[in-house]
Amino acid sequence: MKHIPFFTLTHQNVEIEREVQAFYKELHADAWYVLGERVTQFEKEYAAYHSVRHCVGVGNGLDALTLSLRALKVGKGHEVIVPANSFIATLLAVTQVGAMPVLAEPDPNTFNITAEEIETKITERTKAIIPVHLYGLPCEMNQILALAEKNDLYVIEDNAQAHGAIYKGRKTGSFGIVNATSFYPVKPLAAYGDGGAVTTNDESLAQQIRMFGNYGSEEKYFYETTGINSRLDEIQAGILSIKLNHLDRWNEERRQTAAIYSSALKEITDLILPVASPDSTHVYHQYVVRTERRDELKEQLQKYGVQTGIHYPVPPHLQKAYEFLNTKKGSLPVTETLAETVLSLPIYPGMKKEETEYVCDAIKNCLQA
Ligand SMILES: Cc1ncc(COP(=O)(O)O)c(C=O)c1O
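Start counting the sequence shown at 11; every next residue gets the next number (my numbering).
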């Protein structure tokens, strides 16, 4: 029996080993770890990759979102529309600044929120929308931006799962007034620990986010405001600069794996496959299928040595942390059904064709038995 991990960094790490060793050598020689040239360099490269003017490295994706909201003065008394099926951090950022997350149901086929659904959630307290390009598929940004403009709302993209994804010729992470991302180790662009960034064309917002993330200081030992410590460090920046050069190819490898899955699994009636839009380039942070027999399939696949994931088993509104939203079970049926039926298949750069085919055969054996 084979063992197919749900995710592994082994292949990426082998590919970049020499570059990383050379980088460590330099790092040890100059021994400069925080607020140095490597962060500045990575910020430049990451901004250029998105064709935006500014990038600010921060400590993680949650802080990237929180600092973005804070810079936009979103806080108490405001509402922010977020997808009901996102990772908890999207909501945590909103509650951290004292605003209310308002949960919008996703389209069950794309897993993403839509302008149509967002529109039903807008009130006079709404200040911002946070579209999440879930699993690496861009949201329909033109519609969302048009709706935001009509209602005078900020758009903050949560690009934590979609580095390198493209919507109508433009990279995700370049559409919102500010855009937040995470470099958590399993993301398409991943650090060797926690890391995050904000991208924007707005110089003043970039400057404020940098200041908030550096204790509220622009000049050492002088504090404009009560900030936090949330900075991308030199080690992470150096690693991210190396990896950014490989990102498009690694995403292409993910798409090749996805294409094998989509072709081999299309005949299985019990399985709903992820959609790919002609307007978008998906980066398949996750390849997520849906089936009523999810738990059974997951268990069976384990017996074939195939690890899978569930993103996410309990949606935020049913978590204890968000009891105060008073959004009871049954109130977000699409999100709840997704939580019960989604299954993420193994996918990672360097996954071999035979491994993907093995997973497909195992799925067929499980569901067609
Ligand atoms: C959609 C989404 N938003 C935000 C985050 C938060 O990022 P971090 O873990 O770096 O805080 C993550 C991932 O962890 C995520 O998947």
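Note that the Cβ used here is the ideal one computed from N, Cα and C, for glycine as well.
In this text the structure is predicted, and so the values were computed from the model without any measurement.
Handout entry: Neighbourhood of residue 295 by C-beta, 6 angstroms cutoff - its chain only, sequence neighbours within 5 removed
Key = Sequence index remark: in the sequence shown, residue 295 carries index 285 (1-based). Counting only Cβ-Cβ distances below 6 angstroms, and skipping sequence neighbours, we find 145, 146, 171 and 198.
Exercise for the section: Tell whether a beta-carbon distance below 8 angstroms holds between residue 174 and residue 74. Expected result: Taking the first residue of the sequence shown as 1, we reach residue 174 at position 164. Taking the first residue of the sequence shown as 1, we reach residue 74 at position 64. The answer is no: Cβ separation not under 8 angstroms.
Problem - Any heavy atom of ligand 1 within less than 6 angstroms of residue CB: hits in chain order - result: 70, 71, 72, 96, 97, 99, 100, 142, 168, 170, 171, 192, 194, 204 and 206
Handout entry: Uninterrupted beta strand (DSSP E) stretches inside the segment 26–84 (no shorter than 3 residues)
Key = 64–68
Handout entry: Contact set for residue 49: own chain, Cβ-Cβ below 8 angstroms, skip 5 residues either direction
Key = Numbered from 1 along the sequence shown, position 39 holds the residue referred to as residue 49. Counting only Cβ-Cβ distances below 8 angstroms, and skipping sequence neighbours, we find 67, 241, 242, 243, 244 and 247.
Exercise for the section: Please classify residue 166: does DSSP put it in a helix, a strand, or coil? Expected result: For the purposes of this step, residue 166 is identified with residue 156 of the sequence shown, where counting begins at 1. Residue 166 falls in the strand class under three-state DSSP.
Exercise for the section: Consult DSSP for residue 280 and reduce its assignment to one of helix, strand or coil. Expected result: Here residue 280 refers to the residue found at position 270 of the sequence shown. Reduced to three states, the DSSP call for residue 280 is coil.
Exercise for the section: Say whether the segment 253–261 touches the segment 270–282, bearing in mind that this needs 3 or more beta-carbon pairs closer than 8 angstroms, one atom from each stretch. Expected result: no
Handout entry: Assigned secondary structure, residue 135 (DSSP; H/G/I helix, E/B strand, else coil)
Key = Translated into the one-based positions of the sequence shown, residue 135 becomes position 125. Three-state DSSP puts residue 135 in coil, outside helix and strand.
Problem - Option in 378, 359 and 372 with minimal Cα separation from residue 25 - result: By 1-based counting over the sequence shown, the position of residue 25 is 15. Answer by Cα proximity: 359.
Problem - Beta-carbon proximity of residue 166 to residue 125, cut-off 8 angstroms - result: Counting from one through the sequence shown, the residue named residue 166 turns up at place 156. Counting from one through the sequence shown, the residue named residue 125 turns up at place 115. Not a contact, by the Cβ cut-off of 8 angstroms.
Handout entry: Segment limits, alpha helix (DSSP H) that includes residue 271
Key = Taking the first residue of the sequence shown as 1, we reach residue 271 at position 261. Looking at the DSSP string, the run of the alpha helix (DSSP H) that includes residue 271 is 257–275.
Handout entry: C-beta contact flag for residue 128 and residue 278 at 8 angstroms
Key = Taking the sequence shown and counting its residues from 1, one reaches residue 128 at position 118. Taking the sequence shown and counting its residues from 1, one reaches residue 278 at position 268. No, they are not a contact pair.
Problem - Straight-line gap, residue 21 to residue 114 (C-alpha atoms, nearest Å) - result: Translated into positions along the sequence shown, residue 21 becomes position 11. Translated into positions along the sequence shown, residue 114 becomes position 104. Taking the straight line joining both Cα atoms gives about 37 angstroms.
Exercise for the section: Within 10 angstroms of the Cβ of residue 208, are there 16 or more other Cβ atoms? Answer buried if so, exposed if not. Expected result: Residue mapping note: residue 208 aligns to position 198 of the sequence shown, counting from 1. Buried.
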